[in-house]
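S.K.: Mind looking over this structure? Questions follow.
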Amino acid sequence: MQLSSLLQQFNEPETLKMAKLGRELRAQGIDITDLSLGEPDFDTPDHIKAAAKLAIDQNYSHYTPVAGYMDLREAVCQKLKRDNNLDYLPTQIIVSTGAKQSIANTVLAIVDKGDEVIIPTPYWVTYSEIVRLAGGVVNLVQTSLETGFKITPPQLESAITPKTKLFMFSSPCNPTGAVYTKDELAALVAVFEKHPDIYIMSDEIYEFINFDGKHESIAQFESVKDRVIIINGLSKGYAMTGWRLGYLAASPEVAKACDKLQGQFTSATCSITQRAGIAALTGTLEPTYAMVQKFKERREKVMELLKEIPGIFCNEPPGAFYVFPDVSSYFGKTTPEGEQINTADELAMYLLNTAHVSVVTGKAFGEPKCIRMSFAISTENIIKGFGKIKNALAGLK
Ligand code: PLP
Numbered sequence: 027m028q029l030s031s032l033l034q035q036f037n038e039p040e041t042l043k044m045a046k047l048g049r050e051l052r053a054q055g056i057d058i059t060d061l062s063l064g065e066p067d068f069d070t071p072d073h074i075k076a077a078a079k080l081a082i083d084q085n086y087s088h089y090t091p092v093a094g095y096m097d098l099r100e101a102v103c104q105k106l107k108r109d110n111n112l113d114y115l116p117t118q119i120i121v122s123t124g125a126k127q128s129i130a131n132t133v134l135a136i137v138d139k140g141d142e143v144i145i146p147t148p149y150w151v152t153y154s155e156i157v158r159l160a161g162g163v164v165n166l167v168q169t170s171l172e173t174g175f176k177i178t179p180p181q182l183e184s185a186i187t188p189k190t191k192l193f194m195f196s197s198p199c200n201p202t203g204a205v206y207t208k209d210e211l212a213a214l215v216a217v218f219e220k221h222p223d224i225y226i227m228s229d230e231i232y233e234f235i236n237f238d239g240k241h242e243s244i245a246q247f248e249s250v251k252d253r254v255i256i257i258n259g260l261s262k263g264y265a266m267t268g269w270r271l272g273y274l275a276a277s278p279e280v281a282k283a284c285d286k287l288q289g290q291f292t293s294a295t296c297s298i299t300q301r302a303g304i305a306a307l308t309g310t311l312e313p314t315y316a317m318v319q320k321f322k323e324r325r326e327k328v329m330e331l332l333k334e335i336p337g338i339f340c341n342e343p344p345g346a347f348y349v350f351p352d353v354s355s356y357f358g359k360t361t362p363e364g365e366q367i368n369t370a371d372e373l374a375m376y377l378l379n380t381a382h383v384s385v386v387t388g389k390a391f392g393e394p395k396c397i398r399m400s401f402a403i404s405t406e407n408i409i410k411g412f413g414k415i416k417n418a419l420a421g422l423k
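Count along the sequence shown from 1, add 26, and you get the number used in my numbering.
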C-alpha cells in the first residue's frame, strides 16, 4: 500500500507542529507557555455571535452558493469600499473556508507546472507549500532585518524571469510584522508595470492589526489592479479563526476560476458562518479597535522584555502580532546537558523542552536565523514566557 507522491511535495505547517508538541507536553502535566500560535486570544464579538444564533434559528442550514451568499459578497464589496476605497462587484468576490483556502484557490487557478512564483522571505509557511503542490517553482527573495524585511524594487526586478507567473506577499506580514507603505507599494508597482503577465497575490489578513500607520492595498494602483488578487478574511481582525471565513477579490476571470475550483473542493464555507460574516463586515469595528489596542500594549511589553535578553536582535513590528528576532548569536552554544545548539530548529526545541515555552523556528518561514514568538496571549503569560526564555538562554554556554 502506498500513499500519493503529491504528499512528499509539501510539509506539515511548522506552526501547527509546534502547537501539537506543546499540547502533548501539556497533557503530561507540564506548564507550557504557548508563544507559537497565530490567533487572537479574544472571543468573537457578541453582535457576530448573535447573528450566528439567529441564522441557526432561521434555518440557514442548506448548501449555499459556492462563492458565498450574494448579500455576503455585497458586504465584502462595501467593506473594500469603506476601508480601502476599492471598487469591486460581488461577482469578483469568492468567499471561502478561510484565507488559507483563498490562497490555495489563487495558486491552483494561476500556477502551472514549472511556473515560477516569487515570494519575499520571510513568508507565511503555507505559500511555498501550496506553490509546490501546484507544481510551481518557488523563487524565494531574501529580505533582511536592515530593510525591515521588505523586498526592494531592484530585488524584485532581478528575481523576475520569463517564467514568473505570480508574486505572493503579505502586508502586514506574518511572521515579521512588516507593513508596506503606499510609496513602497508604488515602487513595486513601477516594476510590475514593465511585466504585465505577472499576477500579484496580496494577503491582507492582518489589515486591521496595524499599529503605526494606515493599511495600504496594492490593488489601489489602477495599472495593476486587474491582476491583483486580494486575500482577506475574518480570522485575525474579528477573532474568528475557528469560524473559517476567508475571501478573495480578483478580476472576474480569476474569480470565476476560483469558483470552479472551490466547487470541487468544499462547495462553500458554512452557512451559519457566512451569516455571521455579514454582521462582522457591516457592524461596528469597536471590538476590533479594542483588540488592536491591547496588541499594541503587549507589543510594547514584548519589546521591553526582549531588550533584557542579550544577543537578541529584533525590529519593533509595525503590524500583526509576532516578533521575529534574530537569535543566531546563540548558535554554537552548548546546553547544560552538553548538546550544541546550531540552528533555530534546535533552539526552538531547547526552549520547548527546557523553558517550556513554545515558539516557531524561523526556518519554517524561510529565515533560519530567527524564531517567531506571538504576543496574541495575555500580558501575564508574555511576562512569564519571556522570563523563562531569558533564563533558558542564559543557561547556554
Ligand atoms: N495568511 C496569513 C499571512 C496568515 O498568517 C494566516 C493565518 O495564520 C492566513 C493567511 C490564514 O487565515 P485563515 O484562518 O483565514 O485561513
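The beta carbon of each residue, even a glycine, is placed where N, CA and C say it ideally should be.
(1) Can you grab the Cα-Cα spacing for the pair Ser30 / Tyr225, in whole Å?
(2) Residues around ligand 1, please: the condition is that the C-beta lies closer than 5 Å to some non-hydrogen atom of it.
(3) Give the DSSP-derived three-state secondary structure of Cys103 in the structure shown.
(4) In this structure, what does DSSP give as the bridge partners for Cys396?
(5) Can you round the beta-carbon distance between Glu11 and Ala402 to whole angstroms, since I take them to be within the 8 Å contact cut?
(6) If you drop the 5 nearest sequence neighbours on each side, which residues of the same chain put their C-beta closer than 7 Å to that of Ser154?
(7) Does chain C have any CB closer than 7 Å to the CB of Gly345?
(8) State the DSSP-derived secondary structure class of Val385, mapped to helix, strand or coil.
(9) Mind checking who Ile177 pairs with in its DSSP beta bridge?
(10) Count the other CB atoms, across all protein chains shown, that sit within 10 Å of the CB of Pro362; report buried if there are 16 or more and exposed otherwise.
(11) Less than 7 Å between the C-beta atoms of Tyr149 and Pro198, yes or no?
(12) With DSSP as the reference, label Met227 as helix, strand or coil.
(13) Considering only residues of the segment 61-144, which uninterrupted alpha helix (DSSP H) runs meet the minimum length of 4 residues and lie entirely inside it, listed in chain order?
(14) For Arg270 versus Thr308, is the C-beta distance shorter than 7 Å?
(15) Among Pro91, Thr70, His88, Thr152, which has the Cα closest to the Cα of Ala390?
(16) Based on Cα-Cα distance, which residue from Ala306, Asp223, Pro179, Val205 lies nearest to Ala213?
(17) Comparing C-alpha positions only, which one of Phe247, Glu406, Leu274 sits nearest to Ala216?
(18) Phe291 by DSSP, collapsed to three states: which one?
(19) Ile409 lies in the alpha helix (DSSP H); which residues open and close that run?
(20) Which two residues bound the contiguous alpha helix (DSSP H) that contains Ile58?
(21) Enumerate, from N- to C-terminal direction, the unbroken beta strand (DSSP E) stretches of 3 or more residues contained entirely within the segment 298-359.
(22) Go through the segment 146-220 residue by residue and report every complete run of the alpha helix (DSSP H) that reaches 4 residues or more, in order.
(23) Are the segment 280-299 and the segment 112-125 touching by the rule of at least three beta carbon pairs closer than 8 Å?
(24) With distances taken between CB atoms, is the gap from Lys423 to Val383 smaller than 7 Å?
(25) So is Ile257 buried or exposed if we call it buried at 16+ other beta carbons inside 10 Å?
(26) Mapping the DSSP letters down to three states, classify Tyr376 as helix, strand or coil.
(27) Apply the 10 Å Cβ neighbour rule to Leu274 and answer buried if 16 or more other Cβ atoms are within range, or exposed otherwise.
(28) Alpha carbon to alpha carbon, what distance is there between Pro188 and Lys107?
(29) Can you tell me which of the three DSSP states Gly272 falls into?
(30) So, using beta-carbon positions, are Gly268 and Phe234 closer together than 7 Å?
(31) Rank Val143, Asn236, Asp371, Leu377 by C-alpha distance to the C-alpha of Thr1 and give the top, closest one.
(32) Rounded to whole angstroms, what is the Cα-Cα separation between Asp285 and Ala78?
(33) Can you tell me whether Gln366 is helix, strand or coil according to DSSP?
(34) Our contact map puts Gly203 next to Tyr348 with C-beta atoms below 8 Å; I'd like the distance itself, whole angstroms only.
(35) Cα-Cα, which of Pro222, Gln288, Phe175 is closest to Leu192?
M.R.: To lay it out plainly:
(1) Looking up residue 30 in the sequence shown gives position 4. Looking up residue 225 in the sequence shown gives position 199. Going by the C-alpha atoms only, they are around 30 Å apart.
(2) Gly64, Gly124, Ala125, Lys126, Trp150, Ser196, Asn200, Asp229, Ile231, Gly259, Ser261, Gly272
(3) In the sequence shown, counting from the first residue as 1, residue 103 sits at position 77. In this structure, Cys103 counts as helix in the three-state DSSP scheme.
(4) Here residue 396 refers to the residue found at position 370 of the sequence shown. Paired residues: Asp352.
(5) Because the chain spans 27 through 423 in this model, residue 11 falls outside it and cannot be assessed.
(6) Your numbering for residue 154 matches position 128 in the sequence shown. Closer than 7 Å at the Cβ level, and outside the excluded window around Ser154, lie Ile145, Val164.
(7) Protein chain content of the structure displayed is limited to a single chain, and chain C is not contained in it.
(8) Position 359 of the sequence shown, counted from the start, is the residue given in the question as residue 385. In the structure shown, Val385 sits in coil (DSSP, three-state: anything other than H, G, I, E or B).
(9) For the purposes of this step, residue 177 is taken as the residue at position 151 of the sequence shown. Ile177 pairs with nothing; no bridge assigned.
(10) As a first step, residue 362 must be located in the sequence shown, where it is residue number 336. By the neighbour-count rule (16 or more Cβ atoms within 10 Å), Pro362 is not buried but exposed.
(11) As a position in the sequence shown, residue 149 is number 123, starting the count at 1. As a position in the sequence shown, residue 198 is number 172, starting the count at 1. No, these two residues do not count as a Cβ contact at 7 Å.
(12) Your numbering for residue 227 matches position 201 in the sequence shown. Strand, per DSSP.
(13) Counting only runs of 4 or more, we get 72-83, 96-110, 125-136.
(14) What you label residue 270 is simply residue 244 of the sequence shown in a count that begins at 1. What you label residue 308 is simply residue 282 of the sequence shown in a count that begins at 1. Not closer than 7 Å, so no.
(15) For the purposes of this step, residue 390 is taken as the residue at position 364 of the sequence shown. The residue with the shortest Cα to Cα distance from Ala390 is Thr152.
(16) Locating residue 213 in the sequence shown gives position 187, where the first residue counts as 1. The candidate whose alpha carbon is nearest that of Ala213 is Pro179.
(17) Translated into positions along the sequence shown, residue 216 becomes position 190. Looking only at Phe247, Glu406, Leu274, the smallest Cα-Cα distance to Ala216 is reached by Phe247.
(18) As a position in the sequence shown, residue 291 is number 265, starting the count at 1. Helix.
(19) Mapped onto the sequence shown, residue 409 falls at position 383. Per DSSP, Ile409 belongs to the alpha helix (DSSP H) from 405-420.
(20) On the sequence shown, residue 58 is found 32 positions in, with the first residue counted as 1. Segment: none, Ile58 is in no alpha helix (DSSP H) and carries neither H nor E.
(21) Runs of the beta strand (DSSP E) spanning 3 or more residues and lying entirely within the segment 298-359 do not occur at all.
(22) 152-159, 179-185, 208-219
(23) yes
(24) For this step, residue 423 is matched to residue 397 along the sequence shown. For this step, residue 383 is matched to residue 357 along the sequence shown. Contact: no.
(25) In the sequence shown, counting from the first residue as 1, residue 257 sits at position 231. So Ile257 counts as buried.
(26) Your numbering for residue 376 matches position 350 in the sequence shown. Three-state DSSP puts Tyr376 in a helix.
(27) Counted from its first residue, the sequence shown places residue 274 at position 248. It is buried - the Cβ of Leu274 has at least 16 other Cβ atoms within 10 Å.
(28) Start at 1 with the first residue of the sequence shown, and residue 107 comes out as number 81. Start at 1 with the first residue of the sequence shown, and residue 188 comes out as number 162. Put simply, the backbone Cα of Lys107 is about 35 Å away from that of Pro188.
(29) What you label residue 272 is simply residue 246 of the sequence shown in a count that begins at 1. Correct three-state label for Gly272: strand.
(30) Residue mapping note: residue 268 aligns to position 242 of the sequence shown, counting from 1. Residue mapping note: residue 234 aligns to position 208 of the sequence shown, counting from 1. The answer is no: Cβ separation not under 7 Å.
(31) Because the chain here runs from 27 to 423, residue 1 falls outside it and cannot be looked at.
(32) The sequence position of residue 285 within the sequence shown is 259, counting from 1. The sequence position of residue 78 within the sequence shown is 52, counting from 1. In a straight line, the C-alpha of Asp285 is about 24 Å away from that of Ala78.
(33) Walking along the sequence shown from the start, residue 366 turns up at place 340. If DSSP states are grouped into helix, strand and coil, Gln366 belongs with the strands.
(34) Reading the sequence shown from its first residue, position 177 is the one you call residue 203. Reading the sequence shown from its first residue, position 322 is the one you call residue 348. Yes, Gly203 and Tyr348 are in contact; Cβ-Cβ is about 6 Å, under 8 Å.
(35) For the purposes of this step, residue 192 is taken as residue 166 along the sequence shown, with counting starting at 1. Just measuring C-alpha positions, the residue of Pro222, Gln288, Phe175 sitting nearest Leu192 is Pro222.
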